[in-house]
Amino acid sequence: MSRCLLRGSWACRSVTVITVESQIHGYRQGHQLLGASFSLSKQDQAVVDRLSDIAGPLRSGETFSPYLSAYPLPSGAFYVLARTWQDFSVPRAGCVRTLSLLIPKDSWSSTQGVQAFWNLLQLQEPPTIANRIEISKPIVQPLPPIPSFQGNELLEALFLETPRPVAVFDAPNPELIALRLITALWPSIRNRFAISTFVLSPRRIEGRDFDLVFAPRSARSRFADWSGRRIDGSTEQKVRHRWTGAIADRVFSEPFPRLLSDREVEVSGGDETDAGAALRIALLWDELLEKLDRTPTAVLGLLDIANSRKQIDPNVLSTLKSILADAAFRAVETLPGDEAWQFISALARKVDGTLVMSEMISVASAAGILAGSAPSGAVALLEQPLSMTAMGKLVPAIANGLAASFGKATELALLSAQPQTLAHLLAAGGSLVKTVANTPSLINLLGQILPGLAPSHFREVKRVLLPLLTSDSQLDAARPFLATLEPEELLAEVHHLAQVNGFEARSYFVPIVERARQASAIVELREVLLSVPTGSRSDELLFSTLTPSVEDVTWLVSNDRLSTTTVETFLVQLLRSASTSQLHDLFRRPTTAEVILTRLPASAWDILFLAVFEPELSLSLLVACTLRLLPVVDSQQQIKLAYNALERILPEWFGENEESTIFTLLDMVGETLNGKWAVQCGLGGSVAPQIISRNIIAFNKTSGLARVRIVEVVDEIAQALEGRNELCLSADGAHAFVEILWSAEKANLSAYFSASGRLIPLLFRSTLWPVSSVVSATFPIVYRELVKSDDAPNFLIFIPLFSWGKSKAARYDLVNAFINSSVWSPYDLALAACLCSDVDRILRCVNKSIKGDAYLNRLVECIPSLPSKYRQQVERAILKIRSENVGFLNPLD
7 MSRCLLRGSW
17 ACRSVTVITV
27 ESQIHGYRQG
37 HQLLGASFSL
47 SKQDQAVVDR
57 LSDIAGPLRS
67 GETFSPYLSA
77 YPLPSGAFYV
87 LARTWQDFSV
97 PRAGCVRTLS
107 LLIPKDSWSS
117 TQGVQAFWNL
127 LQLQEPPTIA
137 NRIEISKPIV
147 QPLPPIPSFQ
157 GNELLEALFL
167 ETPRPVAVFD
177 APNPELIALR
187 LITALWPSIR
197 NRFAISTFVL
207 SPRRIEGRDF
217 DLVFAPRSAR
227 SRFADWSGRR
237 IDGSTEQKVR
247 HRWTGAIADR
257 VFSEPFPRLL
267 SDREVEVSGG
277 DETDAGAALR
287 IALLWDELLE
297 KLDRTPTAVL
307 GLLDIANSRK
317 QIDPNVLSTL
327 KSILADAAFR
337 AVETLPGDEA
347 WQFISALARK
357 VDGTLVMSEM
367 ISVASAAGIL
377 AGSAPSGAVA
387 LLEQPLSMTA
397 MGKLVPAIAN
407 GLAASFGKAT
417 ELALLSAQPQ
427 TLAHLLAAGG
437 SLVKTVANTP
447 SLINLLGQIL
457 PGLAPSHFRE
467 VKRVLLPLLT
477 SDSQLDAARP
487 FLATLEPEEL
497 LAEVHHLAQV
507 NGFEARSYFV
517 PIVERARQAS
527 AIVELREVLL
537 SVPTGSRSDE
547 LLFSTLTPSV
557 EDVTWLVSND
567 RLSTTTVETF
577 LVQLLRSAST
587 SQLHDLFRRP
597 TTAEVILTRL
607 PASAWDILFL
617 AVFEPELSLS
627 LLVACTLRLL
637 PVVDSQQQIK
647 LAYNALERIL
657 PEWFGENEES
667 TIFTLLDMVG
677 ETLNGKWAVQ
687 CGLGGSVAPQ
697 IISRNIIAFN
707 KTSGLARVRI
717 VEVVDEIAQA
727 LEGRNELCLS
737 ADGAHAFVEI
747 LWSAEKANLS
757 AYFSASGRLI
767 PLLFRSTLWP
777 VSSVVSATFP
787 IVYRELVKSD
797 DAPNFLIFIP
807 LFSWGKSKAA
817 RYDLVNAFIN
827 SSVWSPYDLA
837 LAACLCSDVD
847 RILRCVNKSI
857 KGDAYLNRLV
867 ECIPSLPSKY
877 RQQVERAILK
887 IRSENVGFLN
897 PLD
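At position 129 of the sequence shown (counting the first as 1) the number is 135 in the numbering used here, and the numbers step up by one without a gap.
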């Protein structure tokens, strides 16, 4: 319903002519229709037929003045306004005649003044003909007051209390009362309102009682069982409602009756389904407006009224918006903190989602001011159920208010806030985030609650808070964010930390690197760190990305963007932190190990010390590291290093200067050398022949007590060699072995003798190798023993492959071995013969062989090389043999 209808300007549409039909009812062999200008439907006609008669029987001789009835017809096409006269023209008592006007319903509701229809019934006598009547431009006229009528109870019953049918007894001027009341009603209520100014018993229409009837006091008993309200219209009535007086004046005293003022009509919003409720709401609105200056909370009632309306007048909406902000700020200024928050809370809920939602910004501004002085209430407000739109208005303002007056109370309020609430406040950004970021207790709290936040809240807080977390004291809050960064975000964060304070927060390094590893972004992280300005802290973070793994160490030592000092420093730190298995992985790879050990500074001798004991370290690196270490470690460590190196290198080739390296290490061991151990390592059955030669040369070259220890175990040397098929020594190796044997002869004759006995069988199987010098050093001592007893000494019989029983057999075996060998030197045979002290017989054996003469010639050539004391012995023996050979010239000629 439009506002103009409610204001009383009911002819909003142009009404030029209103056609009113009529019917006349009276007595003709009973009460019936006497004439009509229009035929109604059967249902409507039945209603008019019944209600045109008097309600209730008249007493004998009882009379009444003409009265009015007004009621709607069931079809809704017409509203009936009727006047009934007592008919004295018929002999039957109690008969009436009624003129009923059939007014189109729209005309009845849209005509500004109903008095024009009322006037059509102001007749002294009832008409006899039913005519069609046309009304042009009904004129609104003022109505006289009813000063003698106490209408308070009537109005309260109709509009301010539970609606029920009302019967008024002995009211003065019921017709004027009815006219004023119907005029004051707004259209929809008037269209369905049923009233009669005179009845003698309750009257009904379509199963319901008339809304209002007037009756004489004498008829009161007929309403005894009636369910409606009974009012005495002749007595003074108490006022039970605060608005009764204002309504009574408007309806019964003012010239133009009305229930609502123009503003109240706007407030009612056109809701005419409940006249009483609409009226009460409109009146309450005015009352609340008057209270606003004294009580800002009155605005809550105004909001309730506005929110209860299906539609709200634009003027009312404008008024409401203008007072909302003022009420909110005055409440903050005048009310105690708790009460002010209760008000702001209620205001926010009532504004949320309504037509005045735009004013939430004013509520939020007031809440922001209040948050500074009463922060706990701000937190409590945000923990109430509010829409996202309302939260979007309130949170930023409250966050700014909390930050502006941040103190202990604010800190405690935030500490007690629910995680989601704190997240909302931080996500708003602004100065509160900076303040929280520098408050230790809140940083600690964030570290606890951030992992449990909903993903959307977590992201929002991260967006505004993480850029502010740059110090060690803020790590608790930063750690959950760092743990969730995507690779691009992580690299951006590293750039940010570099720019802000050059990685001052060292405690961030571990979570940054952990996240980089999880996100497979370690390489990218290193690239970022190499691109930022170099400094001790950036170097620390770069170092944090490294582990003692092959991949990381390889990256480090091959990176040419780092200074030599940085690489060496990082490398030393990494290796010192490495586990045994990690070191093993690093040093067992020749290329990696070489690069690492080459880059290690001299000060990192502890790492070198560990490296040389890695079983898979290459021999060349082992030797190099050992030689680097020997000058810088103590004597005990030197011995340990030497033993370790010797154990690895004696059985193998390992590179340049091998002999000198071995005897250097042997000299380092010195008197602590275990000769037997050295022999087992360097001369064992699995050692290659060439290596045996090298080792024997090295053994011989060593000096001091180490060589003594080698010489002492010459028997073990022979024992180690005798298991071989041949003594595969080089000429130099054989000569070195001979020197060891000669030393053994002086130091330990029995060992020398035992060694010689073990070696001779092996030597006689080794004629393809240049080991004849060894024969000259070993054969003579054994031979001399044979000569003494002409039988093998006791210890020799236990030597495998040694089956000599007589010295003669030994001589022949010796000679045959030399003559048949292409590499054994005749010199060594001559020397052996001399040392055997049996030159004549040994050389005679030579002479007796098939190749004896030629070999004697070779022996002659060797004589100048023999020691001077042996030359004549050989010369004489050969001369004698030649002289005995008939036909041979003196070979010395």
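We put the beta carbon where it would ideally sit given N, CA and C, even for glycine.
Between the Cα of residue i and those of the options, spot the shortest distance and give me the residue it belongs to.
i: F220; options: V174, E389, P178, F229; result: V174
i: A370; options: A354, S756, V120, A443; result: A354
i: A42; options: Q49, S28, Q35, R34; result: S28
i: G858; options: S874, Y818, L628; result: Y818
i: V338; options: G378, L438, I856, V744; result: G378
i: A704; options: S666, W347, V500, G458; result: S666
i: L309; options: F262, E365, L635; result: E365
i: S227; options: K244, L206, D215, Q243; result: L206
i: A333; options: R512, G307, P320; result: G307
i: Q579; options: E557, L606, T598, E600; result: L606
i: E751; options: S778, V717, D738; result: V717
i: R713; options: H31, S749, Q38; result: S749
i: P222; options: P151, A443, S760, N179; result: N179
Counting only beta-carbon separations shorter than 9 Å, does residue i have a partner in chain C?
i: F262; result: Absent from the structure: chain C. Only one protein chain is present.
Quick one: residues in its chain with C-beta nearer than 6 Å to the C-beta of residue i, no 5 flanking neighbours on either side, listed in chain order?
i: L11; result: Low confidence applies to L11: its pLDDT is 30, below 50, so where it sits in the model is not reliable enough to give any reading.
i: K707; result: F669
i: I449; result: Q480, D482, A483
i: S736; result: S699
i: A122; result: I141, P144
i: A883; result: V845, D846, L849
DSSP beta-bridge partners for residue i?
i: Y77; result: V86
i: P110; result: F84
i: F220; result: V174
i: L39; result: H31
i: Q128; result: Q128 pairs with nothing; no bridge assigned.
i: D238; result: F175
i: Q92; result: V102
i: T25; result: E140
i: D215; result: R210
i: S1; result: Only positions 7 to 899 of the chain appear in this structure, which leaves residue 1 out of reach.
Answer with buried or exposed for residue i, where buried requires no fewer than 16 other C-beta atoms within 10 angstroms of its C-beta.
i: L266; result: buried
i: D612; result: exposed
i: F894; result: Its pLDDT being 46, under 50, F894 is placed unreliably by the model, and the measurement read from it follows with that caveat. Exposed.
i: D358; result: buried
i: N406; result: buried
i: Q644; result: buried
i: D899; result: With a pLDDT of 38 at D899, under the threshold of 50, the modelled position of this residue cannot be trusted; read the value that follows with caution. Result: exposed.
i: Q156; result: buried
i: Q118; result: buried
i: N826; result: exposed
i: K794; result: exposed
i: L6; result: Outside the modelled stretch of the chain, which goes from 7 to 899, sits residue 6, for which no answer is possible.
i: N663; result: exposed
i: L774; result: exposed
i: E131; result: exposed
i: S813; result: buried
Grab me the residues of residue i's own chain with a C-beta within less than 7 Å of its C-beta, minus the 5 sequence neighbours each way, in chain order.
i: Y33; result: D93, V96, R98, C101
i: E212; result: P80
i: S351; result: L387, Q390
i: R864; result: P832
i: I805; result: Below a pLDDT of 50, predicted positions are generally treated as unreliable, and I805, at 48, falls in that range; the measurement from the model is reported next regardless. Taken in chain order, the residues that qualify are G763, R764, P767.
i: I139; result: V26, S28, L126
i: V693; result: P657
Enumerate in chain order the residues of its own chain whose CB-to-CB distance from residue i is below 8 Å, with the five nearest sequence positions on each side excluded.
i: S871; result: Y833
Tell me, please, whether the region 64 to 73 touches the region 145 to 161 by the rule of three or more beta-carbon pairs shorter than 8 Å.
Cβ pair count under 8 Å is below three, so no.
Touch check for the region 528 to 536 and the region 572 to 589: three-plus C-beta pairs under 8 Å?
Here the region 528 to 536 makes no contact with the region 572 to 589; the two share fewer than three CB pairs at distances below 8 Å.
Is it a yes or a no for the region 832 to 842 touching the region 857 to 876, going by three-plus beta-carbon pairs under 8 Å?
As far as the Cβ criterion goes, the region 832 to 842 touches the region 857 to 876, which means the pair count is three or higher.
Would you call the region 456 to 465 and the region 403 to 421 touching, i.e. three or more CB-CB distances under 8 Å?
Of all C-beta pairs linking the region 456 to 465 to the region 403 to 421, fewer than three are shorter than 8 Å, placing the two stretches out of contact.
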